[in-house]
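Asks:
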Amino acid sequence: LYGQFDPGLFPTNDWRECARGALSVLEIHNWARDLVDGDDPELIDQLRLHVLPRRGIWANPDEIIVTIGAQQALYLLARLLLSKDTRIGVEDPGYPDARNIFATMTDHVEPFPVDEEGLILSDDLNPCDYLYVTPGHQCPTTATMPLKRRMDLLQKAIDQDFIIIEDDYETELTPDSRETPALKSFDHSGRVLYVGSLSKILAPGLRLGYIIAPATVIRELRALRRLMLRHPPSNNQRAAALFLGLGHYKAHMRRLGTALSKRGDLLRDSLQKHLPDFQVKLGPGVSSCWLEGPSTLDATALTASAEKKGVLVEAGDIFFMHDQPPKNFLRLGFASIPQERIDSGIAALAEAYRDL
Numbered sequence: 028l029y030g031q032f033d034p035g036l037f038p039t040n041d042w043r044e045c046a047r048g049a050l051s052v053l054e055i056h057n058w059a060r061d062l063v064d065g066d067d068p069e070l071i072d073q074l075r076l077h078v079l080p081r082r083g084i085w086a087n088p089d090e091i092i093v094t095i096g097a098q099q100a101l102y103l104l105a106r107l108l109l110s111k112d113t114r115i116g117v118e119d120p121g122y123p124d125a126r127n128i129f130a131t132m133t134d135h136v137e138p139f140p141v142d143e144e145g146l147i148l149s150d151d152l153n154p155c156d157y158l159y160v161t162p163g164h165q166c167p168t169t170a171t172m173p174l175k176r177r178m179d180l181l182q183k184a185i186d187q188d189f190i191i192i193e194d195d196y197e198t199e200l201t202p203d204s205r206e207t208p209a210l211k212s213f214d215h216s217g218r219v220l221y222v223g224s225l226s227k228i229l230a231p232g233l234r235l236g237y238i239i240a241p242a243t244v245i246r247e248l249r250a251l252r253r254l255m256l257r258h259p260p261s262n263n264q265r266a267a268a269l270f271l272g273l274g275h276y277k278a279h280m281r282r283l284g285t286a287l288s289k290r291g292d293l294l295r296d297s298l299q300k301h302l303p304d305f306q307v308k309l310g311p312g313v314s315s316c317w318l319e320g321p322s323t324l325d326a327t328a329l330t331a332s333a334e335k336k337g338v339l340v341e342a343g344d345i346f347f348m349h350d351q352p353p354k355n356f357l358r359l360g361f362a363s364i365p366q367e368r369i370d371s372g373i374a375a376l377a378e379a380y381r382d383l
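So this is what it looks like as C-alpha cells:
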C-alpha cells in the first residue's frame, strides 16, 4: 500500500540525535513558549537553506507557513480561498483527498484529463478560478510534467487569470529534479501557491508540511490556522530543523533514493515477468506504480483476491471522478516492502489474478 514506510530505512540514530538535541535546556527555552500563530524560525531558515533550493524556490520567511502535513496545507488553502461558487480544476485521475477537501467548500470541482506528461492543457481550463496540479509526480500515474508544458501552464494561468495550487508531490528523490524545477520557481506574479512535505521523505507519522505563498496569503493562513491549532508542535519543528541543519536530511535522501530505485527496478522486472498483460507506469524517484490491466479486469475483485494471499494493493477507481470510473487500474506502493519480498509478492498477485 502507498503511504507506508520501511522502518529499516528510517534514520533512527540521526533522528534520535536531533530529538535529544531538541530536548536540551537551551533548545527547550527556544521552542517551549507559545508561538501563537508563528512557527519555529529555525525550521523556516532550514527549509529556505536546504529544501526549497533543490526545487529552484527562493522565499522570504514571511512567505512560508508550516503545516501538519500536506493534507492540512490543502485544507487551509481550500478553507481560505474557496466558496460555494468557486471553480477549481483537478487532475483526473488525481489525488482523492484533495478532491474531497475541495468538495467540502465548493460545488464546482471540475475534473480534467491527464496523459503521459501530466495534466493536459486545453481551453476547458479557462473558466477555473483555481487549478490543483501535481506536476512533479502526477498522482497516481507518476508522470512528470515536462518543462515546456509547465511554462505553457503558467502562461495560461496569467492569460486566463486563475491561480495554481502546486502540490510538489514526492519529488525529493527524483534524480533529475533540478531539470524539472517546481512551477513555483518560475512564478514571478504570485500565481502559484506551493505545497510541500517532509513526511514523505522521513515518515508519514511526522506530519510536517509547508506552504509557500505571497506574504499577504501567509498572513491570512496564519490567522486561520491559529483558530484551528495555533501552530504545529514546536518540539517536532525544532527536531526537524536540527535534522536539516546537521546534514542528515541530504544523507537520508541519498540512501532512500538508492533503496527505492532498486526496489522500483525490481518491481518493474517482476511485473513484466508475472503480469505481462499489464501496462506499468513507474516514474523515477517514486514509491508507487500505476498499473493498467486488461479492459476486462475488475481491480476491486483482484484486490480482494490478493488480500487473501497476503498482498495489499489499491484499486484505481477511487482516483477517478467519473460516475462510472474504469475498473482496470491498480496502484502498488513499494516503499515499505523489503527488496527480497517484491518478486514473491508480485507472483502472488499474479496468482490472484489468474484465480479471478
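Numbering (my numbering), first residue to last: 28 to 383. A virtual CB, placed ideally from N, CA and C, is assigned to each residue, including glycine.
Short of 6 Å in beta carbon distance, which residues of its chain neighbour PHE361, apart from the five on each side in sequence? Order them along the chain.
Replies: For PHE361, where only same-chain residues beyond five positions count, the Cβ hits under 6 Å are ARG290 and LEU294.
Asks: Whole alpha helix (DSSP H) runs in the region 61-88 with 4 or more residues, listed along the chain?
Replies: The qualifying runs are 68-73.
Asks: From the DSSP output, in three-state form, read off CYS45 for me.
Replies: Here CYS45 sits in helix by DSSP.
Asks: Apart from the five residues just before and just after PRO208, which ones in its own chain have a Cβ nearer than 7 Å to its Cβ?
Replies: Closer than 7 Å at Cβ, skipping near neighbours: ARG82 and GLY83.
Asks: Please go through the same chain and pick out, in chain order, the residues whose beta-carbon is closer than 7 Å to the beta-carbon of CYS316, but skip the five residues on each side of it.
Replies: Result list for CYS316: THR169, LEU294, VAL307, LYS308, LEU309 and LEU359, in chain order.
Asks: Under the DSSP definition of a beta bridge, which residues are partnered with TRP317?
Replies: Per DSSP, LYS308 and ARG358.
Asks: What three-state label does DSSP hand LEU383 in the structure shown?
Replies: DSSP places LEU383 in coil when its eight states are reduced to three.
Asks: Leaving aside the five residues before and after PRO88 along the sequence, list all residues of the same chain whose C-beta is less than 6 Å from its C-beta, in chain order.
Replies: Only ILE71 meet the Cβ criterion.
Asks: By DSSP's criteria, ALA342 is part of a beta bridge. Which residues make up the other side?
Replies: Bridge partners of ALA342: LEU357.
Asks: Quick one, which of PRO80, VAL136, PRO167 and HIS164 has its alpha-carbon nearest LEU152's?
Replies: The residue with the shortest Cα to Cα distance from LEU152 is VAL136.
Asks: Considering only heavy atoms of the ligand COA, does any lie closer than 8 Å to the CB of ASP89?
Replies: Looking at this structure, you won't find the ligand COA or any other ligand, since it has none at all.
Asks: What would DSSP say about ARG114, mapped onto helix, strand or coil?
Replies: Here ARG114 sits in strand by DSSP.
Asks: Can you give the beta carbon distance from ILE191 to ARG234, rounded, assuming they're within the 8 Å contact cut?
Replies: ILE191 to ARG234, Cβ: 25 Å. No contact.
Asks: Which residues mark the beginning and the end of the beta strand (DSSP E) in which ARG135 is found?
Replies: Looking at the sequence itself, residue 135 is His, so the reference to Arg does not match. Taken as a continuous stretch (DSSP letters only), the beta strand (DSSP E) holding HIS135 covers 135-142.
Asks: With LYS332 as the anchor, note down where its alpha helix (DSSP H) starts and where it stops.
Replies: It is worth fixing the name first, because residue 332 is Ser in this sequence and not Lys. From DSSP, the alpha helix (DSSP H) with SER332 extends over 326-335.
Asks: If you reduce the DSSP assignment to three classes, tell me which class GLU199 lands in.
Replies: Here GLU199 sits in coil by DSSP.
Asks: Please state if the CB of TYR122 and the CB of TYR159 are separated by a distance shorter than 9 Å.
Replies: Yes.
Asks: Is THR94 helix, strand or coil by DSSP?
Replies: In the structure shown, THR94 sits in a strand (DSSP, three-state: E or B).
Asks: Just to confirm, are LEU210 and TYR221 a CB contact at a threshold of 9 Å?
Replies: Contact: yes.
Asks: Starting from LEU229, trace the beta strand (DSSP E) both ways and give me its first and last residue.
Replies: From DSSP, LEU229 is part of no beta strand (DSSP E); its letter is neither H nor E.
Asks: Rank PRO154, SER224, SER363 and GLY272 by C-alpha distance to the C-alpha of LEU76 and give the top, closest one.
Replies: If we check each option's Cα against that of LEU76, GLY272 comes out closest.
Asks: Under DSSP, the alpha helix (DSSP H) around SER261 begins and ends at which residues?
Replies: That run of the alpha helix (DSSP H) goes 261-272.
Asks: In whole angstroms, give me the CA-to-CA distance for ASP304 and LEU318.
Replies: Between ASP304 and LEU318, the C-alpha separation is close to 10 Å.
Asks: Where do the N-terminal and C-terminal ends of the beta strand (DSSP E) with LEU158 fall, by residue?
Replies: Per DSSP, LEU158 belongs to the beta strand (DSSP E) from 157-160.
Asks: Contact criterion: CB-CB distance below 9 Å. Does GLY372 meet it with respect to chain C?
Replies: You won't find chain C in this structure, because it holds only one protein chain.
Asks: From ALA100 to ASP186, what does the alpha carbon distance come to, in whole angstroms?
Replies: Rounded to the nearest angstrom, the two C-alpha atoms are 27 Å apart.
Asks: Taking the C-alpha atoms as reference points, what is the distance between GLU199 and LEU324?
Replies: Going by the C-alpha atoms only, they are around 33 Å apart.
Asks: Can you say whether LEU50 is buried or exposed, counting buried as having 16 or more other CB atoms within 10 angstroms of its CB?
Replies: That one is exposed.
Asks: Quick one: what's got a C-beta closer than 7 Å to THR161's C-beta in the same chain, skipping five residues either side?
Replies: The answer, listed in chain order, is GLU118, TYR122, ASP194 and TYR196.
Asks: Does the beta-carbon of ALA278 have 16 or more other beta-carbons within 10 angstroms, so that it is buried, or is it exposed?
Replies: Counting Cβ neighbours within 10 Å, ALA278 comes out exposed, since fewer than 16 surround it.
Asks: Which residue or residues does DSSP assign as beta-bridge partners of GLY121?
Replies: BP columns for GLY121 are empty, so no partner.
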